[in-house]
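Student: Can you keep this structure in mind? I'll have questions shortly.
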Amino acid sequence: MPGEQFENDRHTAYEPFTPDELLLFRGAGRVRTWERGDSLMREGGRPDHIVLILSGLAKVTAESDNGYTSVLALRGPGELVGELSCLDGTERSATVTALEHLSGVVVGSEAFQRLLEQHATLTLAVLRSVVARLRDSDSLRTQQGARSSRSMLARVLLDTAVRHGVAVDEPAGALEVRMNQQELAGAAGVSRESVVRSLRAMHAAGLVTTRRGRTCVLDLTGVRRWAEE
């Protein structure tokens, strides 16, 4: 059944840290909140803290020399942001912005490094998380030159729905992706016009419905077929 397929797919979402490891982060920092549009950290800024997201969704973006904003990734509950620059001491390579009300644990750079020095299993978990993200990034770059705009958008919708989708009441089993068309375009590496055309085609095929700033994925299996074209 469609609802069962959604549940099976959601179980494949990557969870980088165990409950005990999450408690270590919470014990080393302080909880704070951000509203939609607030920056958790900015590109070019000092690497003075990391954030463990507890609830809500954030986007990671970078500016190119010509002013184009690329959406590099989305981060949700249980994920870290800002850890790479805190590890090597370099300035921030990206901006992290809340897409909705978001809460997280802020851990100072020195406290974060002490945690890794004191807990080998946590260090390995952070390393695995970084490796998984690098693999995702490499895979996306490889496919951008070989797949259609429609296929790339379908992949972004699929990945986002599985990892960060929000269940809605109607229709049963549907998952809402809380990104606007420009954000989807930046994440897929395609134009906004391509996103508009592709969403229109997906809507006609019964795969998604759309409303301002959000896309509701109705048929995850169907979206996967488009992603694999």
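The sequence shown begins at 31 in this note's numbering and counts up by one.
Backbone N, C-alpha and C define an ideal beta-carbon position, used for all residues, glycine too.
Bear in mind that the values here come from a model prediction, so they are computed numbers and not experimental data.
With H, G and I counted as helix, E and B as strand and the rest as coil, what does DSSP make of Leu263?
Tutor: In the structure as shown, the chain begins at 31 and stops at 259. Residue 263 is therefore absent and cannot be evaluated.
Student: Per DSSP, Thr91 forms a beta bridge with which residues?
Tutor: For the purposes of this step, residue 91 is taken as the residue at position 61 of the sequence shown. Answer is Val101, Thr125, bridged to Thr91.
Student: What residues in its chain sit with their C-beta under 6 Å from that of Ala191, if we drop five residues either side in the sequence?
Tutor: As a working mapping, residue 191 is identified with position 161 in the sequence shown. For Ala191, where only same-chain residues beyond five positions count, the Cβ hits under 6 Å are Leu205, Val207, Val247.
Student: If distances are taken between C-alpha atoms only, which option among Arg254, Trp256, Gly59 comes closest to Leu84?
Tutor: As a working note, residue 84 is residue 54 in the sequence shown. That would be Gly59, whose Cα lies nearest to the Cα of Leu84.
Student: For Arg72, count neighbouring Cβ atoms within 10 angstroms of its own Cβ and tell me buried if that reaches 16, exposed if not.
Tutor: By one-based count along the sequence shown, residue 72 stands at place 42. Exposed, because fewer than 16 other Cβ atoms sit within 10 Å of the Cβ of Arg72.
Student: In whole angstroms, give me the CA-to-CA distance for Val225 and Gly236.
Tutor: Locating residue 225 in the sequence shown gives position 195, where the first residue counts as 1. Locating residue 236 in the sequence shown gives position 206, where the first residue counts as 1. Roughly 16 Å separates the two Cα atoms.
Student: Is there contact between the region 75-92 and the region 157-169, where contact requires at least three CB pairs shorter than 8 Å?
Tutor: no
Student: For His41, which three-state DSSP category applies?
Tutor: Residue 41 sits at position 11 when you count from the first residue of the sequence shown. Low confidence applies here, because His41 scores a pLDDT of 39, under 50, leaving its location unreliable and the question unanswered by this model.
Student: Measuring straight from C-alpha to C-alpha, what distance separates Leu117 and Ala124?
Tutor: Residue numbering aside, residue 117 sits at position 87 when the sequence shown is read from its first letter. Residue numbering aside, residue 124 sits at position 94 when the sequence shown is read from its first letter. A direct Cα-to-Cα measurement between Leu117 and Ala124 gives close to 15 Å.
Student: Alpha carbon to alpha carbon, how far is Leu132 from Arg177?
Tutor: Position 102 of the sequence shown, counted from the start, is the residue given in the question as residue 132. Position 147 of the sequence shown, counted from the start, is the residue given in the question as residue 177. Whole-angstrom Cα-Cα distance: 33 Å.
Student: Going by C-alpha distance, which of Val101, Thr151, Asp68 is nearest Pro49?
Tutor: The count along the sequence shown starts at 1 and reaches residue 49 at position 19. Of Val101, Thr151, Asp68, the residue nearest in Cα terms is Thr151.
Student: How is the alpha helix (DSSP H) around His131 delimited, first residue to last?
Tutor: For the purposes of this step, residue 131 is identified with residue 101 of the sequence shown, where counting begins at 1. It is not in any alpha helix (DSSP H) - His131 carries neither H nor E in the DSSP assignment.
Student: Throw me the rounded Cβ distance for the Glu130 and Arg76 pair, which I believe falls under 8 Å.
Tutor: Counted from its first residue, the sequence shown places residue 130 at position 100. Counted from its first residue, the sequence shown places residue 76 at position 46. That belief does not hold up - the Cβ atoms of Glu130 and Arg76 are roughly 26 Å apart, past 8 Å.
Student: Under a CB-based cut-off of 8 Å, is Val192 close to chain C?
Tutor: Judged by its chain identifiers, the structure shown contains no chain C, having just a single protein chain.
Student: Classify Glu113 as buried or exposed, calling it buried when 16 or more other Cβ atoms lie within 10 Å of its own Cβ.
Tutor: Here residue 113 corresponds to residue number 83 of the sequence shown, with the count starting at 1. Buried, since its Cβ has 16 or more Cβ neighbours within 10 Å.
Student: Identify which residue in Thr127, Gly67, Arg56 has its Cα closest to the Cα of Thr91.
Tutor: Looking up residue 91 in the sequence shown gives position 61. Of the candidates Thr127, Gly67, Arg56, the one whose C-alpha sits nearest the C-alpha of Thr91 is Thr127.
Student: In the DSSP assignment, find the unbroken alpha helix (DSSP H) run with Glu147 in it and report its ends.
Tutor: Within the sequence shown, residue 147 is the residue found at index 117, counting from 1. From DSSP, the alpha helix (DSSP H) with Glu147 extends over 139-148.
Student: What's the C-alpha gap between Met239 and Ala103?
Tutor: Within the sequence shown, residue 239 is the residue found at index 209, counting from 1. Within the sequence shown, residue 103 is the residue found at index 73, counting from 1. A small fix is needed here, since residue 239 is Thr in this sequence, not Met. Distance between the alpha carbons of Thr239 and Ala103 is about 23 Å.
Student: May I ask you to list the residues that DSSP assigns as paired with Ala5?
Tutor: For residue 5 there is no data in the structure shown, the boundaries of the chain being 31 and 259.
Student: Rounded to a whole number of angstroms, what is the C-alpha to C-alpha distance between Arg196 and Lys89?
Tutor: Here residue 196 refers to the residue found at position 166 when the sequence shown is read from its first residue. Here residue 89 refers to the residue found at position 59 when the sequence shown is read from its first residue. Residue 196 is actually Val in this sequence, not Arg. So the two alpha carbons sit approximately 16 Å from each other.
Student: Tell me, which residues are paired with Leu110 by DSSP?
Tutor: Position 80 of the sequence shown, counted from the start, is the residue given in the question as residue 110. Looking at the DSSP assignment, Leu110 forms a beta bridge with Leu82.
Student: Going by C-alpha distance, which of Arg227, Arg180, Gln212, Val81 is nearest Ser100?
Tutor: Locating residue 100 in the sequence shown gives position 70, where the first residue counts as 1. Checked all of Arg227, Arg180, Gln212, Val81; the closest Cα to Ser100 is Gln212.
Student: Could you give the DSSP three-state label for Val61: helix, strand or coil?
Tutor: For the purposes of this step, residue 61 is taken as the residue at position 31 of the sequence shown. Strand.
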